[in-house]
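Peer 1:
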Amino acid sequence: LLHRSPVPVLVARRPPDDTTFPARILLASDGTPMSDAAAELTARLAARHGAHVGIVGAVDHEAPFRPGLAEHAAQIKQTTGVAPTTLAAPGAPHHAVAAAAREFGAALS
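Quick note on my numbering: the sequence shown kicks off at 5 and runs consecutively.
1) Taking only three categories from DSSP, how would you classify V60?
2) In whole angstroms, what separates the C-alpha of H53 from that of A100?
3) Which whole-angstrom value is the C-beta distance of I80 and P71, which I expect to be below 8 Å?
4) Which stretch, first to last residue, makes up the alpha helix (DSSP H) that contains A102?
5) Taking C-alpha atoms, which residue in T36, H56, V86 and P37 lies nearest to A111?
6) Would you mind stating whether L30 and G61 have Cβ atoms separated by less than 8 Å?
7) Would you check whether the ligand HEM has a heavy atom nearer than 7 Å to the C-beta of T36?
8) Measuring straight from C-alpha to C-alpha, what distance separates S113 and A105?
9) Can A27 and H76 be called in contact, C-beta distance under 8 Å?
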């Protein structure tokens, strides 16, 4: 269902036991203008809660959209004062996002 969603989706996950909610937020972006709203929301949430942000773009689909991913990273850094962690995960986007969320220990993705 999420794989075919026509709009950005925010998923809350139980963070690791030693992590406060929402200390880590993962932005899954394809770098297109459609992802801009998700990047803006991620930046605002992270700034408000002092959260660290990770950005993932699926390797299979990343190359044409790298400028957009860089813009999202810059926006997050400007809003939060901290550069986000960039994660790359191979495979289909829905698998890449799930793997990156686990690796990053994201509470929101």
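For every residue, glycine included, the Cβ atom is placed at its ideal position computed from N, Cα and C. Everything numeric in this text was worked out from a predicted model, so none of it was measured.
Peer 2: Considering the structure as presented:
1) In the three-state reduction of the DSSP assignment, V60 falls in the strand class.
2) When rounded, the distance between both Cα atoms is 26 Å.
3) Between I80 and P71, the beta carbon gap of about 15 Å keeps them out of contact (Cβ cut-off 8 Å).
4) Following the DSSP letters along the chain, one finds A102 inside the alpha helix (DSSP H) bounded by residues P97 to F108.
5) Checking every option, the nearest Cα to that of A111 belongs to H56.
6) No, Cβ-Cβ distance for L30 and G61 is not below 8 Å.
7) Of the ligands one can find in the structure shown there are none, so the ligand HEM has no counterpart to examine.
8) The alpha-carbon atoms of S113 and A105 are separated by roughly 7 Å.
9) Cβ distance not < 8 Å, so A27 and H76 don't count as in contact.
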